[in-house]
Each structure stands twice: as structure tokens, then as C-alpha cells.
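Let me begin by presenting the structure, written as C-alpha cells, before commenting on it.
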Amino acid sequence: MDQKLLKLVEELTTSGEPQLNPEKMKELKKICKSSEEQLSCAYRLLKTQLTQDHAEVRLSAFQIVDELFTRSHQFRVLLVSDFQEFLELTLGTNHEQPLPPPREAAQRLRQAALRAVEGWNERFGEAYKKLALGYHFLKHTKKVDFQDVNGRTLAERQQEEQKQRHLDRIYRERAKQAEREMEEMSAEVGCCLTEVENCFRLLVPLDFDPCPEASFLDEGPPGSLSSDWEVPHWSSTPDDEEQPCCSKDLPASAQHSGAAGAGEGLPQATVEDAPQDECSGEQFVRSHGLGSHKYSLDVELPLDGLKVQENDDNLAVLHAARDAIKLIQNKFLPAVCSWVQRFTRAGTHGGHLRRAIDLKAKLELALRKYEELHVQPEWGPRRDEEDEDDEDFVEVPEKEGYEPHIPAHLRAEYGLEPQAPPQALEKDAAAQGSQARKRTRRDEEASDPTSAAAQLWRPHDLDLCYWVQGACGSRTHGPP
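As C-alpha cells, this is what we get:
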């Protein structure tokens, strides 16, 4: 066997590249053309590489086989003689021996082999009977659809369809379970959202609607005041600018009552109703602290957003909002996300999916609103309090000649004992530490009833008082 041929086949099949190296492939073809013996040797080497347990190696070996099959009659004869084994190694027709991993390379190998076998049958099927029989076996016995992109057999397609039906059934059951969970939890989620929204309204009352007292203005005639009171800007008139301050507070109808009475002959009811409406409008303006129509109000909101400071007034509201937000984060939002996922997998596009999506949007909106409040806890540091604490301390200048550290040679002048050397201090500290450890160990042994020290301290069941009295009595009453 030519070592050069062996090296070329090994390099081409183990490169891991999706395409073969043109220069090395050209050199391999040149060697195979030199003699039939070299061609047979190349076929045996390629067949060995096709049996490797690696799909990329088999794919590269098949690409070489395809190149040689279309150019050499001798190579076609050799391959057709082992065509069934070739189909098992490249198409995986034997279910007991599937194609090896990686899966992507195995899929590319199967697709390339299907295209090649179909093309070989069209070109060489009439000349090579075994090739035509192999194609017929794949198409009619194995039910291989050559138009299928994946090139699956009938058994593989049926297996995948059965697997997909099983998954669909599981997804439908999970979707039904999600429907039951949503019916049970929808009321609780709605109550939680309502509670959070009420807390937000109490913390940040952003109600710019007109007051209920002005609702009657919308029901008036077309010429009366209706929507002008909803806009926080009133244009000034020349008459207002020329009137004195005391005249501006009076209704316009009272100032021109003489002209109105001397002019057109209006009915009395109409003349009386108009001043009432205008007086009501002036009362509405005064109740809001405006007082005049000459100026406009501009309300500037901070650029850094809202900031809610926690205090005794809103402490209960903030606690309720925090509890509801924790409930949303830990329970409701994960549950709603799982509902959406299960409905999507099951292919449910009805009202349940829309309701779940709406609930998810509302819950996420509540979380965003709470984050935008930037709640500052009451125990957080305040700048004014820190300044007040700093002002309580008085800076004292350092005393002249003050020495925080007294040198060793000056300790005698201050009436202090000479400082011991560092080594002596270390020895004293070590000795004290060893004595403390010995004392602790001795106390522990004495407290242990099974130790020898405890036995020495034990009175051994003797009555000491009786023994002392007996000793004293014998000494007193003994012979002289």
C-alpha cells in the first residue's frame, strides 16, 4: 500500500472542513489513475473511513467516493458490489445502526447521499443492475422520499409524527391546566392590581381632571363656559387690563349690567340666568386660587422623575404597595408568563391567550410604575440631618507642644517607667497566654467528672463534718 495514498485519504477525511481540499483531491485522483491496484487500495481505505463513528469523517469520505464514482468504471463496480452496506453507512437504513454524531453532520451526509444515489441511478442505473435495485429498494421498500429535504424513510417519518402527536397532546393538557389556573387566579390578580393602583394614586395623586363642581358647565348652552375651564390658561382682555384690582374681582355681568338693561329688551329670566352662570365661573376660579384671567400657570416637573419619601403619613400605603409588588414578582407574573408559554405551545389563539397577554402587560406596568416612584426609606440618610450633626461638634485647635507619642529617652522626664524592649513584651505576652491556656484546661478537666482532677477534688462519700467533730472530740475527751 502506498504510504502517500494513505496519508492523503487520512488528511482529506479528518480535516473537518465542509469541502475537500482541491489540491489534495487532484493529487489523489492522479494516484488512482495510475493503476487499478491503487484504485482498489483507495476504495478499501475509504470504506474503512465510512465505518468510523464520526459523521464528519463519513461525510468527507463520501465526498471522495462521489468524485471517484463518476470518473471510474472500476470504482463503480467495487462500490455497487457492496451497495447495501454503503447505504447503511451513509443513509442509516438499518435502524439498529443509526448514523453517528454530530447530528448536523449526519443530516448533511444523509442529504448528500440521497442526492448522489438519485443522480447515479439516472446516469448509470441501466448499466449497473445492482444500482437500480438499490434505488428501487429505497424508494418502494423503505419509502424514502427523495424530495424530502431531510431524506427520512417512512419509518422515521412515522416515528417523528407519533412523537409530535404525543407532544401536542401534552401541550393541550398543559393548556387546559393553565385555563383552570387562570380562572382560579384571575380574581386574585385583579384585586392585587386594583390595590396597587389605589396605592399609587394615594402616593402620587396625578388627578388633573376638573373638579366635580364644574361638571355642570359641560351641560350648558353652546355659548356658555364649557371646556375653557379645563385648560390652565386664560387669555387676558383689554378690559381686564384697564380695570383696577377691586374691579377685577367683580363679575363682568355686574359691571355691564346697566348697559345690558338699557340695551336690547331681553326677557327677565335670561338676564338673571347669565349672571348666575358667570358668577359660578368666577367662584370656580377663586376656589382654585387664580383670582384673575390675566396670567397663566406653568407647572414644571423634575427631570429626574418622581421621588416618594417614606414617612409616618404614607408608611401604611407603602407597606401595602410593597406587599402587593412582592406578590406580583414572586407569584402572579411567573404564573402568567407560564400561561402565555403553554397557550403558545398548544397553538391556542383564542380569548385565553389574549387575556393572559393583557394580564402580563398590566403586571409589568405595575412593576414599572413602582420602580419609577424611587421610594426613599425613612431610615435613609438625609443631608440636612447630617449637616446638623456636623454642626454639633466644635473644632478645637491642637495644643502647642503636644506630643501624641513620647519617645523612649523622654519617658523619664514625664515620670513614666522605661518602656520594655519588644522582645520582652512578646515573651511576657506569650507567658501570660500559656498560663491562661493551662488554667482553662485545668478548669475544664475539673468540671469533667471522668477526669483525674475531678477524682482528686471528690470527697469520696465521707462526712467531713462528722470527721471534724470526731477529731475535735477525741482531742478534747482523750486521756490527759
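With the sequence shown counted from 1, adding 332 to any position gets you the working numbering. All C-beta atoms, glycine included, are put in the ideal place defined by N, C-alpha and C. The model shown is predicted, which means the values in this text are computed figures rather than measured ones.
#### Entry: Alpha-carbon spacing of residue 350 relative to residue 706, whole angstroms
The residue labelled residue 350 in the question sits at position 18 within the sequence shown. The residue labelled residue 706 in the question sits at position 374 within the sequence shown. Cα-Cα distance, rounded: 56 Å.
### Message
Taking 6 Å as the limit between beta carbons, can you name the residues of its chain near residue 504, skipping five residues before and five after?
### Response
One-based indexing of the sequence shown puts residue 504 at position 172. Only 678 meet the Cβ criterion.
### Task
Examine the Cβ distances between the region 384–393 and the region 421–438 and report whether three or more of them are shorter than 8 Å.
yes
### Task
Just mark residue 342 as buried or exposed, buried being the case when its beta carbon has 16 or more other beta carbons within 10 Å.
Here residue 342 is taken as the residue at index 10 of the sequence shown, counted from 1. Flag for residue 342 reads exposed.
### Query
What's the gap between the Cα of residue 682 and the Cα of residue 507?
Numbered from 1 along the sequence shown, position 350 holds the residue referred to as residue 682. Numbered from 1 along the sequence shown, position 175 holds the residue referred to as residue 507. Distance between the alpha carbons of residue 682 and residue 507 is about 12 Å.
### Query
Under a CB-based cut-off of 8 Å, is residue 766 close to chain C?
Structure shown: chain C not included; a single protein chain is present.
### Query
Per DSSP, residue 641 forms a beta bridge with which residues?
In the sequence shown, the residue the question calls residue 641 occupies position 309. 708.
### Message
Can you list, in chain order, the residues of its chain with a C-beta nearer than 8 Å to that of residue 814? Leave out the 5 residues immediately preceding and following it.
### Response
There is no way to answer for residue 814, as the model of the chain reaches only from 333 to 812.
### Message
Per DSSP, what are the beta-bridge partners of residue 883 in this structure?
### Response
Since the first residue shown for the chain is 333 and the last is 812, residue 883 is missing from the structure and cannot be characterised.
### Query
With residue 524 and residue 656 assumed to form a contact (beta carbons below 8 Å), what rounded beta-carbon distance in angstroms separates them?
What you label residue 524 is simply residue 192 of the sequence shown in a count that begins at 1. What you label residue 656 is simply residue 324 of the sequence shown in a count that begins at 1. At roughly 5 Å, the Cβ-Cβ gap stays under 8 Å, so residue 524 and residue 656 are in contact.
### Message
Does the region 457–468 come into contact with the region 398–417, if we say contact requires no fewer than three beta-carbon pairs (one atom in each stretch) closer than 8 Å?
### Response
yes
### Query
Which term fits residue 742, buried or exposed, when burial requires 16 or more other beta carbons within 10 angstroms of its beta carbon?
Translated into positions along the sequence shown, residue 742 becomes position 410. Classification of residue 742: exposed, given that the 10 Å Cβ count is below 16.
### Task
Using the Cα positions of residue 673 and residue 704, report the straight-line distance between them to the nearest angstrom.
Taking the sequence shown and counting its residues from 1, one reaches residue 673 at position 341. Taking the sequence shown and counting its residues from 1, one reaches residue 704 at position 372. Roughly 28 Å between the two C-alpha positions.
### Query
So, are the CB atoms of residue 377 and residue 359 less than 8 Å apart?
Your numbering for residue 377 matches position 45 in the sequence shown. Your numbering for residue 359 matches position 27 in the sequence shown. No; because the gap between Cβ atoms is not below 8 Å, this pair is not in contact.
### Message
Quick check on this structure: which residue in 366, 405, 345 and 363 has the alpha carbon closest to the alpha carbon of residue 379?
### Response
Walking along the sequence shown from the start, residue 379 turns up at place 47. When only C-alpha atoms are compared, the closest one is 345.
### Task
Please name the residue, chosen from 367, 691 and 491, that lies closest to residue 515 on a Cα-to-Cα basis.
Here residue 515 corresponds to residue number 183 of the sequence shown, with the count starting at 1. Per the Cα distances, 691.
### Limits of the alpha helix (DSSP H) - the one that residue 453 falls within
Here residue 453 refers to the residue found at position 121 when the sequence shown is read from its first residue. Segment 435–456, the alpha helix (DSSP H) holding residue 453.
### Message
Rounding to the nearest angstrom, what Cα-Cα distance links residue 645 and residue 531 in this structure?
### Response
Indexing the sequence shown from 1 puts residue 645 at position 313. Indexing the sequence shown from 1 puts residue 531 at position 199. Answer to the nearest angstrom: the Cα atoms are 13 Å apart.
### Message
Just to confirm my understanding: we take residue 746, look at its own chain, exclude 5 residues before and 5 after, and list those with CB closer than 8 Å. What are they?
### Response
By 1-based counting over the sequence shown, the position of residue 746 is 414. Once the five neighbours on either side are set aside, the close Cβ partners of residue 746 are 738.
#### Entry: Neighbourhood of residue 385 by C-beta, 6 Å cutoff - its chain only, sequence neighbours within 5 removed
Numbered from 1 along the sequence shown, position 53 holds the residue referred to as residue 385. Result list for residue 385: 432, in chain order.
#### Entry: Distance, residue 419 Cα to residue 403 Cα
Against the sequence shown, residue 403 aligns to sequence position 71. Against the sequence shown, residue 419 aligns to sequence position 87. About 20 Å.
### Task
Would you decide whether residue 614 is buried or exposed? Buried here means 16 or more other CB atoms lie within 10 Å of its CB.
In the sequence shown, counting from the first residue as 1, residue 614 sits at position 282. Residue 614 comes out buried.
### Secondary structure, alpha helix (DSSP H): runs of 4+ residues fully inside the region 352–425
354–366, 368–382, 387–401, 405–413 and 415–422
#### Entry: Straight-line Cα distance separating residue 443 from residue 492
Along the sequence shown, one-based indexing puts residue 492 at 160. Along the sequence shown, one-based indexing puts residue 443 at 111. The alpha-carbon atoms of residue 492 and residue 443 are separated by roughly 18 Å.
### Query
Under a Cβ-count criterion, where at least 16 other Cβ atoms within 10 Å of its own Cβ denotes burial, should residue 348 be classed as buried or exposed?
Numbered from 1 along the sequence shown, position 16 holds the residue referred to as residue 348. Classification for residue 348: exposed.
### Message
For residue 643 and residue 536, what's the separation of their Cα atoms in angstroms?
### Response
By one-based count along the sequence shown, residue 643 stands at place 311. By one-based count along the sequence shown, residue 536 stands at place 204. Using only the alpha carbons, I get a separation of about 14 Å.
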